[in-house]
């Protein structure tokens with residue numbers, strides 16, 4: 001490719017005055033090339049403007065454990081400004097940032113014959129992923145580096161549990177921890193290792209587990225103070241009710257199946273099914289009413305309460321509770337949470353920003369640091385622990401129900417009643433979307449606002465229990481539609497012959513220029529080509545395209561999403577606009593009748609000024625406003641391109657300095 005240099009300021013100024021108009025829709029061959037891009041950029045040969053990479057995953061494990069892989073980022077993300085009551089009973093307003101670790105799942109599967117091998121698509125900036133292992137609700141996880149676009153993970157059982165840390169009848173304990181930043185994570189009390197479990201809907205100071213039904217309850221720390229329920233088996237959150245009050249203390253009482261909530265010097269009972277407050281009592285004798293937690297001893301029913309002044313035993317006197325101090329008058333830490341494990345040990349956490357776990361004697365109030373920055377043993381959670389609760393795994397706890405008989409228990413099966421389906425691969429992630437944005441004047445210069453057609457998508461490859469693909473779903477929507485042309489949109493599965501497709505559903509055609517095979521793929525194509533629509537106006541609302549295969553295929557054969565996407569310009573079937581360096585389909589690439597100046601002489605979908613006509617962003621991409629060039633809306637775009645993707649790889653994210661928000665569409 002011919003390398004280009006920046007042109008002079010006078011040309012730049014002229015180009016701003018003569019901004020590119022939308023084409024005459026009656027002429028598919030636009031001849032107006034009077035407004036070449038005012039900037040030429042020097043991009044390395046072969047740079048394809050990709051914001052993502054395909055990574056080969058190889059996990060070795062001879063058990064039936066379920067594995068999940070999450071995209072991670074070293075940077076916390078801004079989650080808005082919140083006003084809340086802190087554990088010192090003070091109203092605080094502050095910006096909230098969350099760890100970007102556990103909310104972007106891309107893969108879930110199980111090793112077959114000791115090996116799990118898959119291909120995933122992840123952002124280019126990712127240097128590591130978080131791998132979480134679930135063996136009968138015994139979770140473990142760790143960060144794993146990506147080396148040469150490969151992830152290799154060998155499971156070694158190093159739990160090292162001794163009789164000292166195993167409760168009666170083989171019970172295994174884990175400490176579930178929550179904090180005001182919205183983290184739910186688990187600590188193994190045998191070694192202090194921790195595993196990310198979930199991002200909470202709202203940060204919280206409270207956690208209480210119903211062991212029988214395998215759910216955890218938590219009350220959000222900000223108005224309207226939702227009572228939230230977490231399903232430990234499925235990882236799903238639901239909101240039961242908005243309580244209208246918050247505070248630091250919560251426990252579940254197995255004797256009456258009620259939640260007990262406390263703040264300051266009162267105690268309430270709550271129906272966990274409805275959120276209804278049933279009763280309220282005063283708590284007498286607390287020396288400091290701030291912070292802390294409460295916990296029932298399941299062996300004898302004793303209610304313990306911790307506040308910032310220490311540990312108390314609470315006794316009901318018929319009309320209220322009397323708090324009897326157990327700990328020394330002045331603890332050198334402020335307890336924020338408390339739980340009791342199967343061995344009867346009482347665990348506390350303090351308000352330290354890095355979290356400390358402490359064991360306390362319930363008789364004398366004696367205590368010692370066990371894990372955390374103050375323990376002096378090299379453990380550090382790097383986050384607060386605002387509440388603790390114990391999750392006990394009994395020998396009979398795991399539910400082994402397998403309704404469809406595919407070898408995957410229902411709680412871990414994404415399709416528990418369909419034997420041919422079990423797992424999913426998400427691109428870009430389970431809860432995220434990507435964007436493919438086009439300039440539709442190829443091979444003439446565009447105005448590079450990339451809003452002619454911008455398609456939001458999520459691709460879900462559905463796998464069977466052998467980790468083979470049986471179906472792929474595309475959840476799509478046109479989010480920007482600035483084109484004057486009538487454009488179609490489709491993808492090519494380059495490793496999949498049309499004959500391997502059983503059916504295509506969800507596509508919409510209104511312009512009568514697409515010819516189909518009986519199975520819904522496009523006719524006269526060797527590979528499976530799925531035309532989502534022949535007119536972008538048909539996809540202004542979210543639509544799901546489902547492609548079902550005649551037989552299971554390997555994900556290696558399927559390839560990595562978003563595959564080979566392309567635009568069909570102005571109902572001329574041969575005029576395909578692709579991502580840089582992508583191949584046209586069997587029906588594309590004919591520009592022999594083009595009457596203007598061909599600005600893509602190399603045929604690689606990069607102009608002679610260095611800019612593409614299509615870009616795929618593995619993110620919900622905010623497209624520039626009309627006639628706003630992408631590098632004016634995104635300050636790092638040109639630096640990223642000229643570096644060959646090595647600098648500012650996350651140029652599209654909402655990080656400080658990246659965007660000019662006033663130049664972007666909502």
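Numbering (this note's numbering), first residue to last: 1 to 666.
A virtual CB, placed ideally from N, CA and C, is assigned to each residue, including glycine.
Quick caveat, the model's predicted, so the values are computed rather than measured.
For the candidate residues 149, 653, 350, 507, whose alpha-carbon lies nearest to that of residue 546?
-> 507
For residue 571, name the three-state secondary structure that DSSP assigns.
-> helix
Distance, residue 389 Cα to residue 342 Cα = 12 Å
Measure the Cβ-Cβ separation of residue 623 and residue 438 and say whether it is below 7 Å.
-> no
Going straight from the alpha carbon of residue 147 to that of residue 336, what length do you get?
-> 40 Å
Since I believe residue 464 is in contact with residue 422 (beta carbons under 8 Å), could you give me their beta-carbon distance rounded to a whole number of angstroms?
-> 6 Å
Inter-residue spacing [alpha-carbon to alpha-carbon] between residue 516 and residue 43 = 39 Å
Provide the residue span of the alpha helix (DSSP H) that contains residue 630, from first to last.
-> 630–633
Which ranges does the alpha helix (DSSP H) cover as unbroken runs of at least 4 residues, wholly within the region 115–177, from first to last along the chain?
-> none
Using 10 angstroms around the beta-carbon of residue 440, count the other beta-carbons present and answer buried if the total reaches 16, otherwise exposed.
-> buried
Stretch-stretch touch, CB-based, cutoff 8 Å, three pairs: the region 221–229 with the region 391–405 | no
Who are residue 477's beta bridge partners in DSSP?
-> 456
Cα-Cα separation, residue 61 to residue 178 = 30 Å
Cα separation between residue 484 and residue 452?
-> 8 Å
When burial is assigned at 16 or more other CB atoms within 10 Å of the CB, is residue 94 buried or exposed?
-> exposed
Proximal residues to residue 313 (C-beta, below 7 Å), its chain only, five neighbours per side dropped = 302, 304, 324, 326
Taking the continuous beta strand (DSSP E) assigned at residue 208, which residues delimit it?
-> 208–210
Residue 528 (DSSP reduced to helix, strand or coil) | strand
Cβ atoms of residue 428 and residue 48: under 7 Å apart, would you say?
-> no
Residues of its chain near residue 636, where Cβ-Cβ distance is below 7 Å and the 5 sequence neighbours each way are ignored | 648, 651, 658
Where are the beta strand (DSSP E) runs, 3 residues long or more, that stay fully inside the region 234–314, in chain order?
-> 237–242, 249–253, 258–263, 266–270, 277–284, 293–296, 303–307
Going along the chain, which residues of its own chain have a beta-carbon closer than 6 Å to the beta-carbon of residue 239, five neighbours each way excluded?
-> 226, 228
Of all the options 509, 612, 189, which has the alpha carbon lying nearest to the alpha carbon of residue 447?
-> 612
In or out: residue 578 buried (at least 16 other Cβ within 10 Å) or exposed?
-> buried
Extent of the continuous beta strand (DSSP E) run through residue 389 = 387–393
How many angstroms separate the CA atom of residue 598 from the CA atom of residue 480?
-> 26 Å
Can you give me the Cβ contacts of residue 144 inside the same chain, cut-off strictly under 7 Å, excluding the 5 residues immediately before and after it?
-> 128, 129, 131, 151, 153
Own chain, CB closer than 7 Å to residue 265, minus 5 neighbours either side, in chain order = 282, 283, 286, 289
Under the rule that 16 or more other beta-carbon atoms within 10 Å means buried, what is residue 255, buried or exposed?
-> exposed
Whole-angstrom C-beta distance between residue 614 and residue 605, which should lie under 8 Å | 7 Å
Residues of its chain near residue 202, where Cβ-Cβ distance is below 8 Å and the 5 sequence neighbours each way are ignored | 182, 220, 221, 222, 226, 228
Name the DSSP bridge partner or partners of residue 349?
-> 337, 357
Return the CA-CA distance between residue 320 and residue 111, expressed in angstroms with no decimal places.
-> 55 Å
Local conformation of residue 51 per DSSP, three classes | coil
Member of 425, 234, 432 whose CA lies at the smallest distance from the CA of residue 555 | 425
In chain order, what residues of the same chain lie with their CB nearer than 6 Å to the CB of residue 164, ignoring the 5 residues before and after it?
-> Confidence is the limiting factor: at residue 164 the pLDDT is only 45, short of 50, which leaves the residue's position unreliable, though a coordinate-based value still follows. Excluding positions up to five away in sequence, the list is empty.
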